Structures are given as structure tokens and as C-alpha cells.
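Taking it in order: structure first as C-alpha cells, then the write-up.
In full-length UniProt numbering, the protein residues as written are 1 to 459.
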């Protein structure tokens with residue numbers, strides 16, 4: 001029995017292609033409704049449905065393969081970025097380690113050597129290090145790339161070099177002593193350096209200073225010179241006391257080689273205004289302590305002397321010409337202790353400096369009379385004399401019969417000062433009868449007054 005509207009197999013394929021292309025297309029759907037209906041037998045329907053299912057599976061498989069390819073490409077791209085980032089970070093870390101902990105053919109400075117300083121900086125990232133800002137940003141960009149290229153060259157392979165062919169230090173790194181403000185010169189002598197690198201480091205601060213001919217530190221007082229092909233000379237201008245410390249010269253061999261030298265910055269003495277004593281005023285009979293403080297490196301020695309060369313009384317009751325120590329104590333001060341004391345600071349670095357401290361002792365007036373009885377004849381010229389001591393300075397005058405003697409042609413009062421000592425003299429010209437009697441010499445200051453009497457009699 002013949003079937004109506006039988007469609008060849010090729011027609012099924014054409015219909016399948018058309019139907020697949022029209023999925024979701026409204027126009028195709030409209031056109032399909034305008035066509036005449038095609039009646040298929042069960043076998044044809046099964047063939048057509050099988051083709052549709054096969055074509056749909058093929059599309060899903062192609063879409064799945066495409067998604068896998070995209071995921072694989074994305075993974076490879078991400079892995080490439082990670083690898084590149086890790087490689088760049090590795091190189092950055094090697095540069096940083098070379099500047100802060102030493103590097104030798106890719107191995108960080110491990111601190112096993114006796115000259116090591118705290119074992120380098122370990123595995124810290126550059127941004128985690130407090131000194132990162134102190135170091136120039138890997139020099140300028142060109143220099144940075146050159147350093148990375150140098151490290152790439154150094155780390156591409158490991159060459160086994162006989163020990164005798166490796167670089168070695170030509171002479172020990174000498175300790176240097178420099179006065180503050182001068183130039184310090186540290187010299188590192190290396191033989192057979194080849195392509196290895198030389199670096200200068202500050203040990204106590206773990207700071208890289210120079211690599212080869214490049215200055216890394218921001219300290220503009222530092223410079224590096226290369227002399228006679230084997231000497232690497234670190235120069236520090238206008239040396240400051242803070243530059244004092246250990247300095248390391250390092251070769252990036254494997255294992256790393258290094259030697260250290262000490263820079264000692266000496267400072268001449270300087271006497272501090274405080275707590276050093278200023279001029280002191282004290283009442284006689286009290287205790288007093290003079291103080292003197294000085295700075296310098298090495299620490300200055302303090303010596304006390306009296307300006308006039310007089311002896312200095314010390315607490316044990318004896319007297320010395322000089323006394324060592326920052327504090328000078330004088331017990332029960334008297335007027336003989338009054339005067340200028342010199343605080344002298346010295347540490348072997350010129351110049352020696354000193355400060356003058358005045359010790360002022362206050363006491364009321366005292367009078368001494370050598371001749372209390374003086375004889376004179378009529379018409380004779382005669383001089384009366386008293387010795388007075390007082391500080392503050394006293395007022396001195398003569399009296400007769402409770403009347404102050406006024407200077408004139410016949411009565412001439414005079415005073416002669418020598419520190420706190422005063423000599424009082426009264427000259428009487430052409431003595432007359434009424435000139436005989438008692439004369440008083442008077443001394444007076446803020447702490448009190450006193451007088452002495454001399455009797456003039458007729459011979």
C-alpha cells in the first residue's frame with residue numbers, strides 16, 4: 001500500500017536543517033503555517049526526530065567543548081599572570097635582600113657568619129619592612145632594570161668555580177677614627193672580583209649604602225669610588241656623631257663573603273650650661289657644692305683648679321692643687337675659699353675647654369689694728385692705720401669724739417682695697433695739742449658693722 005506524500009530521505013535532511021534554523025524565529029513559524037501540512041508515517045517521524053536529537057546533542061557537545069576551551073584559556077592566562085607576578089616578586093625580593101641582607105647567586109643572607117648582622121631580613125616583603133622607605137626606589141628605573149638584569153645573569157645557572165679563582169679580600173677592613181665634621185674614608189680591597197658585586201652596608205641599622213658604583217642610601221654625604229681596580233672606597237663627608245658604628249663590605253659569592261670595620265666619631269669636649277654651676281654666693285660657714293657637666297666622645301674628664309693657684313679644700317680636711325670629678329664639695333666655707341674656680345674638661349680631642357665659676361662668700365666686717373697706741377710730738381705728721389675685711393664691700397670712715405672726720409688740709413683719710421680686704425689710713429699733719437685723744441675706724445655693710453680704736457698720745 002502506497003503512502004501519501006512520501007518524502008525522500010534527503011528531504012528529511014533539508015527539512016531538519018530548515019527546522020533547526022527556524023527554532024525561535026517567528027517568521028519561520030509563520031511561513032511554516034502557511035505551507036501545506038506534511039503527513040509523515042511513524043518511520044519517517046522516528047527518522048526526523050532522531051536527526052533532531054542527534055543535531056541537538058552535537059550542538060550541546062560543541063558548546064561544551066567551546067566552554068572548556070574558554071575556561072582552559074582563562075586558566076592559562078591567569079596562571080601566566082601569577083607566574084609573571086611571582087617571577088617579578090622573586091627578582092624584587094632578591095634585589096631587596098641584596099641591599100638589606102646580602103645575596104649570593106639567589107640565596108639570601110642567612111646570618112651564619114660571625115660578621116652577620118641579625119641574619120638579614122628573612123622572608124619579609126619589601127612593603128613590610130620599616131627601612132623600605134629609607135632606600136631609594138631601587139635607584140632610578142634604568143638602574144633598577146640593570147640590577148634586575150644583573151641578578152638574572154647571576155641566577156641563570158650555578159657555575160662551580162674553584163676556591164682559588166673566587167674573589168677574596170686583599171687586606172683587612174681597618175677601623176677608622178675621625179673627628180666630628182671631618183671626612184671618613186673606609187676602604188675595602190678585593191682581588192679577583194670578576195663579575196661579582198661589592199656592597200657597603202651599615203650593620204647596626206641594616207641599611208644598604210652602595211652596590212658597585214651606585215649609591216643606594218638617600219644620605220647625600222656618602223659617595224663610593226673605585227680605585228686601582230681593587231679598592232672600593234666609601235666616603236662620608238661632614239661626619240656626624242650618629243655615623244658612628246659598624247660598616248660591612250660584602251661580596252655576593254656563594255657563600256657570601258664579608259668583613260666589617262668600626263667607624264669611631266670623636267667629639268671634642270663641650271661644657272654644658274646646665275647643670276654646670278654659675279657664680280655662687282654663700283654665707284660664711286655653710287657648705288657648698290660646685291657642679292660641672294660636659295659632653296664629648298670619649299667622655300671628658302673633669303678637673304677643678306683655682307684660678308689664682310690657691311689650694312682647694314676637700315671634704316677629708318686636706319687641701320689639693322687640683323681635684324678630679326664633676327662635683328666639688330667644700331665644707332664650712334670661709335672667706336679664704338672665695339674666688340674663681342675653673343672647671344676644665346678634656347678627652348684627648350683638642351681643644352680642651354674650661355668654665356670659670358666664682359664662689360662669693362658673704363660675711364660681716366671685721367677690723368684688725370696693729371698699733372692701738374701711737375705717740376706724736378707737737379707739729380709732727382702722724383698716720384693711724386686699721387685693717388678691715390668684709391663682703392659685700394663695706395663703708396669705711398674715721399671718727400673722733402663721736403664725730404665723723406671730714407677730709408681737709410690737716411686730716412686726710414684714705415682707703416686701699418685688695419679684694420675683700422681694706423686698709424684704712426688717717427694722716428694728721430702738724431699735730432696740735434687738741435689733736436691728742438681717741439680715734440675710731442668704722443666698717444659697715446649689709447651684714448653688720450664694727451669699729452676699732454687707736455689712742456694718740458703726746459710724746
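Even glycine gets a Cβ: it sits at the ideal position worked out from N, Cα and C. Here the structure is a predicted model, which means the values were calculated and not measured.
Helix, strand or coil at residue i [DSSP, three-state]
i, result
"residue 229", "coil"
"residue 242", "helix"
"residue 336", "helix"
"residue 140", "Residue placement at residue 140 is flagged as unreliable, the pLDDT there being 37, under the threshold of 50; the coordinate-derived value follows with that caveat. The answer is coil: DSSP assigns residue 140 none of H, G, I, E or B."
"residue 435", "helix"
"residue 109", "Bear in mind that a pLDDT of 36 at residue 109, under 50, signals an unreliable position, so the number given afterwards is only what the model happens to contain. Residue 109: coil per DSSP, three-state reduction."
"residue 414", "strand"
"residue 214", "strand"
"residue 148", "Annotation note: pLDDT 43 at residue 148 (below 50); position unreliable, coordinate value reported separately. Helix."
"residue 164", "helix"
"residue 206", "coil"
"residue 259", "strand"
"residue 194", "coil"
Range covered by the beta strand (DSSP E) that runs through residue i
i, result
"residue 362", "353-368"
"residue 389", "382-391"
"residue 406", "It is not in any beta strand (DSSP E) - residue 406 carries neither H nor E in the DSSP assignment."
"residue 377", "Premise fails: residue 377 is in no beta strand (DSSP E) and is neither H nor E."
"residue 427", "421-428"
Cβ-Cβ separation, residue j to residue i (assumed contact under 8 Å), whole Å
i, j, result
"residue 382", "residue 428", "5 Å"
"residue 180", "residue 265", "6 Å"
"residue 426", "residue 405", "7 Å"
"residue 450", "residue 365", "5 Å"
"residue 224", "residue 200", "7 Å"
"residue 321", "residue 311", "6 Å"
"residue 295", "residue 270", "5 Å"
"residue 245", "residue 175", "The Cβ separation is near 11 Å, so there is no contact."
"residue 253", "residue 196", "6 Å"
"residue 234", "residue 248", "Contact doesn't hold; Cβ gap of about 10 Å is too wide."
"residue 198", "residue 232", "5 Å"
"residue 466", "residue 431", "Residue 466 falls outside the range modelled here, since the chain spans only 1 to 459, and no answer is possible."
"residue 400", "residue 457", "About 14 Å separates the two Cβ atoms, so there is no contact after all."
"residue 367", "residue 441", "6 Å"
Any non-hydrogen atom of the ligand ATP within 7 Å of residue i CB
i, result
"residue 317", "What this structure holds is no ligand at all, so the ligand ATP is not there to describe."
Bridge-paired residues (DSSP) for residue i
i, result
"residue 184", "236"
"residue 450", "443"
"residue 264", "177"
"residue 223", "235"
"residue 250", "199 and 258"
"residue 455", "373 and 438"
C-beta neighbour in chain D for residue i, strict 8 Å
i, result
"residue 393", "Absent from the structure: chain D. Only one protein chain is present."
Checklist line | Unbroken stretches of the beta strand (DSSP E), 3 residues or longer, contained in the UniProt domain "Ig-like" (269-354) | finding: If we require 3 residues or more, the beta strand (DSSP E) runs fully inside the UniProt domain "Ig-like" (269-354) come out as 280-283, 288-291, 294-297, 301-306, 322-324, 327-330 and 339-346.
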